[in-house]
Structure formats: structure tokens, C-alpha cells
Amino acid sequence: MPSESRGCTPVSGSRVMRPVWMERPSVASHVSKAAVLVAVCLLVAFPFLVIVSTSLSSAETLDRTGGYVVFPTSLDFSAYEAILSGGIVTRAVLVSVGVTVAGTAVSLVATVLLAYGLSRRGSFAHRTLLAIVLLTFLFPPGVIPSYLVVKELGLLDTYASLVLPTAVSAFNVVIMRGFFMNVPQELLDSARIDGAGEWRVLLTIVLPLSKAVLAVIGLFYAVAYWNAFFTAMLYLNDTAKWPLQLLLRTYVLGGSTLGGSSSFDPGGAASLPPVQSVQMAVVVIALVPILCVYPFLQRHFATGVLTGAVKG
Numbered sequence: 002m003p004s005e006s007r008g009c010t011p012v013s014g015s016r017v018m019r020p021v022w023m024e025r026p027s028v029a030s031h032v033s034k035a036a037v038l039v040a041v042c043l044l045v046a047f048p049f050l051v052i053v054s055t056s057l058s059s060a061e062t063l064d065r066t067g068g069y070v071v072f073p074t075s076l077d078f079s080a081y082e083a084i085l086s087g088g089i090v091t092r093a094v095l096v097s098v099g100v101t102v103a104g105t106a107v108s109l110v111a112t113v114l115l116a117y118g119l120s121r122r123g124s125f126a127h128r129t130l131l132a133i134v135l136l137t138f139l140f141p142p143g144v145i146p147s148y149l150v151v152k153e154l155g156l157l158d159t160y161a162s163l164v165l166p167t168a169v170s171a172f173n174v175v176i177m178r179g180f181f182m183n184v185p186q187e188l189l190d191s192a193r194i195d196g197a198g199e200w201r202v203l204l205t206i207v208l209p210l211s212k213a214v215l216a217v218i219g220l221f222y223a224v225a226y227w228n229a230f231f232t233a234m235l236y237l238n239d240t241a242k243w244p245l246q247l248l249l250r251t252y253v254l255g256g257s258t259l260g261g262s263s264s265f266d267p268g269g270a271a272s273l274p275p276v277q278s279v280q281m282a283v284v285v286i287a288l289v290p291i292l293c294v295y296p297f298l299q300r301h302f303a304t305g306v307l308t309g310a311v312k313g
């Protein structure tokens, strides 16, 4: 039988035989990978560049380019000044920030408690609760039953309706449960021998070891709350309580404009910035918070998600 294995580099002199995929990549391979990466980055960055440039363009520039600008000839911040000076957009931003912060906190607490209970074998109704959580993957609640439950609980037209119906995600519970199950059992047993109860074990041992998965799950919840508009469209009748994403959908995707609102334009329609600039400025304001938070939590993704999903 030949000494070379299939798919391996032939032996030359004293050279050690290695698989083909372990060989040093060629120059052509490096160049092609770099070209593909640059092309993908340009495809992702170009739409965002157009949005930012359009939001910073004057009415003359927009008329000359037909509505969308790639590189503005001059910067005009009138759209941002009009939005942030008060009115419906400022109020919507505050509502979205409040709902995102409160909702993320509530969801993290509920997910941690449920996942920790399901990760301890022999806990109360362990198998039943785990089956119920996993069953929601196959049979998610429908829109009409969810609306009827929210209505019967008296949560219509309240901010609680934006948080409580989606407070716990079964996917996030499964990831966090898998991470908790990887905590060494010997460490937990030693804490219990020293007299620590379940609450003390969770707060002083498990959670400090779970910072990576908490950061990842917290980002998942924050992004979901910040981008949510459908729940607000279902449960909120008062437009003054609308979050930013529902306002964005109404005024950008719906084809409406922000002009003509006394709360937005105290000086009249003549002082309004271009409608296209205002719409793109609202899009930028909706994107910037997540873009600022994401890089700080990116390093936790590998340890947070993969440890809980693959090893658990």
C-alpha cells in the first residue's frame, strides 16, 4: 500500500507530508480573497453612505441629483436640527430608548431565571417546562391569540404591551441553558457544601462566569426591541406613544412626510428641510445606536453563542 495518503502533498526528501488544506495559500489565493472581501464591504457600505449623504444634503443638491446623493458638495445639518429640536421624532426616540432599556433588563432577568432552572436536572417540573419551551419552536403564538391575551390583561395602549408579550425568547433560553450546563458541577457542589443556597450560587458563581453569554443575549434582546414595530402597530392606538421604528415605517416606507406637523415645524412649511433629507436622517438615527453598541460586544459572540449552542 503506498505511503502517501489521498489528498496529501507528496514527500520530497525530508519534507514532512501534510494535507493539501494545511499548505500555505498562494499569492493568487490571497489576492482573490482580498478582492472578494473588499467587494462585499463596498456592497454593504454603499447604501449606508447614500443614506448619510442624502441626510446631509441641501435642497439644491437633491434637485440636481434626482433625490439621492453619494458625495454631498456641502454639508447641511438642517434635517437633524429639525428632528432633534423637539416634536414627534424626538419623542419617538425617547420611547424607543426607554422600551429597549427596560425590555432588555426584563428579558435578561426572565431568561436567566428560566434557563438556570432548566439547566439543573431534578428541579421542579424540569422536563415539563423544558418541553413547553421547546414546543414554542414548532407552534409559535399567533397574532390574534396574542392580541386577545394583551386585551384581556388590560395592556392595550400601554408601554408594557411592547415588552411583556415578547419578554422571553425560547431560542435565547436554549442558548443560555446550554451555557449554564457547562459550568463545572464540582464548583457548584463546593459552594453548596459551604452553605450557599441556589440564589447565592446563581448570583456569585454562575452569573460572573457567564458574562459572555449575557452580553450576547442582551444584544439580541436590545436589537429586537429597538427594531420592533409590529407590536406597537398592533397594541398602540395613541400616536404619541409610537416608538421610532413605527414612525420610520410610517413616514419612510408609507410614503408620508413629516412636514405640516405643528410639533415638528413651528415656523411653517417654508422652513422645513427637504423631505428626502428628513427621511434619511430618521433612518440614520434609527441605525446609529445599534452600530455603536455592536462593536463592543462582537468579541463575546464566539464564546457566548458557540459555547452554549455547540457544547451544551
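Quick note: the sequence shown uses our numbering, first residue 2, plus one each step.
All C-beta atoms in this analysis are idealised placements derived from N, C-alpha and C, irrespective of residue type, glycine included.
Return the residue from the list Y148, S211, L292 and A197 that minimises the CA-CA distance to F234.
Sequence index remark: in the sequence shown, residue 234 carries index 233 (1-based). Residue identity differs from the one stated: residue 234 is Met in this sequence, not Phe. Minimum Cα distance to M234 is reached at Y148.
Is the beta carbon of R178 less than 8 Å from the beta carbon of L85?
One-based indexing of the sequence shown puts residue 178 at position 177. One-based indexing of the sequence shown puts residue 85 at position 84. Not a contact, by the Cβ cut-off of 8 Å.
Do A80 and A282 count as a contact pair if the criterion is CB distance below 8 Å?
The count along the sequence shown starts at 1 and reaches residue 282 at position 281. The count along the sequence shown starts at 1 and reaches residue 80 at position 79. Their beta carbons are under 8 Å apart, which means A282 touches A80 by this criterion.
Using 8 Å as the cut-off, can you tell me whether the segment 135 to 148 makes contact with the segment 212 to 220, which would need three or more C-beta pairs spanning the two stretches below that distance?
no
Along the chain, where does the alpha helix (DSSP H) that runs through K34 open and close?
On the sequence shown, residue 34 is found 33 positions in, with the first residue counted as 1. Element bounds for K34: V28 to S56.
Could you compute how far the alpha carbon of V94 sits from the alpha carbon of P244?
Translated into positions along the sequence shown, residue 94 becomes position 93. Translated into positions along the sequence shown, residue 244 becomes position 243. Their backbone Cα atoms lie some 7 Å apart in a straight line.
Local Cβ density within 10 Å of F181, reported as buried at 16 or more and exposed below that
As a working note, residue 181 is residue 180 in the sequence shown. The residue in question, F181, is buried, as its Cβ has 16 or more Cβ neighbours within 10 Å.
Coil, strand or helix - F265 by DSSP:
Here the question's residue 265 lines up with position 264 in the sequence shown. For F265, the predicted structure reports a pLDDT of 43, less than 50, and the residue's modelled location is therefore unreliable. The matter cannot be settled from this model.
Extent of the continuous alpha helix (DSSP H) to which A116 belongs:
Residue mapping note: residue 116 aligns to position 115 of the sequence shown, counting from 1. Per DSSP, A116 belongs to the alpha helix (DSSP H) from I89 to S120.
Candidates V276, I206 and S108: which alpha carbon is nearest A83's?
Within the sequence shown, residue 83 is the residue found at index 82, counting from 1. Checked all of V276, I206 and S108; the closest Cα to A83 is V276.
Taking the C-alpha atoms as reference points, what is the distance between V71 and S58?
Here the question's residue 71 lines up with position 70 in the sequence shown. Here the question's residue 58 lines up with position 57 in the sequence shown. Roughly 10 Å separates the two Cα atoms.
Taking only beta-carbon atoms, is S86 less than 8 Å away from chain B?
No chain B is part of this structure, which consists of one protein chain only.
Per DSSP, what kind of secondary structure is F72 in: helix, strand or coil?
For this step, residue 72 is matched to residue 71 along the sequence shown. Coil, per DSSP.
Applying the criterion that 16 or more other CB atoms from any shown protein chain within 10 Å of the CB defines a buried residue, is N173 buried or exposed?
Counting from one through the sequence shown, the residue named residue 173 turns up at place 172. Buried, because 16 or more other Cβ atoms sit within 10 Å of the Cβ of N173.
P178: first and last residue of the uninterrupted alpha helix (DSSP H) it sits in
What you label residue 178 is simply residue 177 of the sequence shown in a count that begins at 1. The sequence shown places Arg at residue 178, rather than the Pro named in the question. Here the alpha helix (DSSP H) through R178 covers A171 to M182.
Relative to the C-alpha of Y222, which candidate in S75, P26, V98 and I52 has its C-alpha closest?
Position 221 of the sequence shown holds residue 222. Of the listed residues, the one whose Cα sits closest to Y222 is V98.
Going by the beta-carbon positions, is the gap between V150 and S162 smaller than 8 Å?
Taking the first residue of the sequence shown as position 1, residue 150 is located at position 149. Taking the first residue of the sequence shown as position 1, residue 162 is located at position 161. No, the pair does not count as a contact, with Cβ atoms beyond the cut-off.
Judging by CA-CA distance, which residue of K242, S278, S191 and V113 is the nearest neighbour of L204?
Start at 1 with the first residue of the sequence shown, and residue 204 comes out as number 203. Cα-wise, what sits closest to L204 is V113.
Verify whether the separation of the beta carbon atoms of L220 and V294 is less than 8 Å.
Taking the first residue of the sequence shown as position 1, residue 220 is located at position 219. Taking the first residue of the sequence shown as position 1, residue 294 is located at position 293. Yes, these two residues count as a Cβ contact at 8 Å.
So, using beta-carbon positions, are L249 and V207 closer together than 8 Å?
Counted from its first residue, the sequence shown places residue 249 at position 248. Counted from its first residue, the sequence shown places residue 207 at position 206. Not closer than 8 Å, so no.
Who are the Cβ neighbours of L63 in its own chain at under 6 Å, not counting the five residues just before and after it?
To locate residue 63, count along the sequence shown from 1; it is residue 62. Result list for L63: P275 and Q277, in chain order.
Excluding sequence positions up to five away, which residues of its chain have a Cβ less than 8 Å from the Cβ of P296?
Numbered from 1 along the sequence shown, position 295 holds the residue referred to as residue 296. Cβ within range, chain order: n/a, list empty.
Measuring CA to CA, which of Y117, A287, T232 and G198 is closest to T159?
Taking the first residue of the sequence shown as position 1, residue 159 is located at position 158. That would be T232, whose Cα lies nearest to the Cα of T159.
How would you write the range of the alpha helix (DSSP H) that P141 sits in, first residue to last?
Numbered from its first residue, the sequence shown carries residue 141 at position 140. Where P141 is concerned, there is no enclosing alpha helix (DSSP H), given that its DSSP letter is neither H nor E.
In its own chain, which residues sit with a C-beta less than 7 Å from the C-beta of T105, not counting the 5 before and 5 after it?
Indexing the sequence shown from 1 puts residue 105 at position 104. The residues are G219, Y222, A223 and Y226.
Can you give me the Cβ contacts of F78 inside the same chain, cut-off strictly under 8 Å, excluding the 5 residues immediately before and after it?
For this step, residue 78 is matched to residue 77 along the sequence shown. Excluding residues within five positions, the ones whose Cβ falls inside 8 Å are L57.
Own chain, CB closer than 7 Å to G309, minus 5 neighbours either side, in chain order:
If you number the sequence shown from 1, residue 309 lands on position 308. The pLDDT assigned to G309 is 47, lower than 50, so where the model puts this residue is not dependable, and the model offers no usable value.
Below 8 Å on the Cβ atoms is my contact criterion, and I expect A103 with V169 to pass it. Report the Cβ-Cβ distance as a whole number of Å.
Along the sequence shown, one-based indexing puts residue 103 at 102. Along the sequence shown, one-based indexing puts residue 169 at 168. Not really, about 15 Å apart at Cβ, beyond 8 Å.
For V96, is the classification buried or exposed, using 16 other Cβ atoms within 10 angstroms of its Cβ as the cut-off for buried?
For the purposes of this step, residue 96 is taken as the residue at position 95 of the sequence shown. Answer is buried; the Cβ neighbour count reaches 16.
In this structure, does DSSP put T159 in helix, strand or coil?
Residue numbering aside, residue 159 sits at position 158 when the sequence shown is read from its first letter. The answer is coil: DSSP assigns T159 none of H, G, I, E or B.
Nearest CA to the CA of A229: which residue from Q246, V279 and P141?
To locate residue 229, count along the sequence shown from 1; it is residue 228. Taking only the C-alpha atoms, the option nearest A229 is Q246.
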